Amino acid sequence: MEQLKGLWRDTWWLWCGFVGVVLLMSVLQSFFFLLTLPALPVSFCYFAFIRYDDEGNEKPDI
């Protein structure tokens, strides 16, 4: 859980921007863009567990 908190702490603005762009595109273009919303939590969790340790700190580059 700390990995998710760490990623959110560092990149909350980016993920809010992703959601905003998806919603804007769905309003302006097509509702089809809403199908990308379920992919955002999956990629968020992936990056959180890859880039952050159990304490929520960013892992050093190996």
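Just so we're aligned, residue -3 is where the sequence shown starts under the working numbering, counting upward by one. For every residue, glycine included, the Cβ atom is placed at its ideal position computed from N, Cα and C. These numbers were taken from a predicted model, which means no experiment stands behind them.
According to the DSSP assignment, GLY13 belongs to the alpha helix (DSSP H) that extends over -2 to 24. Between CYS41 and LEU0 a beta carbon distance of about 7 Å is seen, short of the 8 Å cut, so the two are scored as contacting. Looking at the DSSP output, GLU54 sits in a beta bridge with TYR48.
In the three-state reduction of the DSSP assignment, PRO34 falls in the coil class. Here the region 13 to 20 makes no contact with the region 46 to 56; the two share fewer than three CB pairs at distances below 8 Å.
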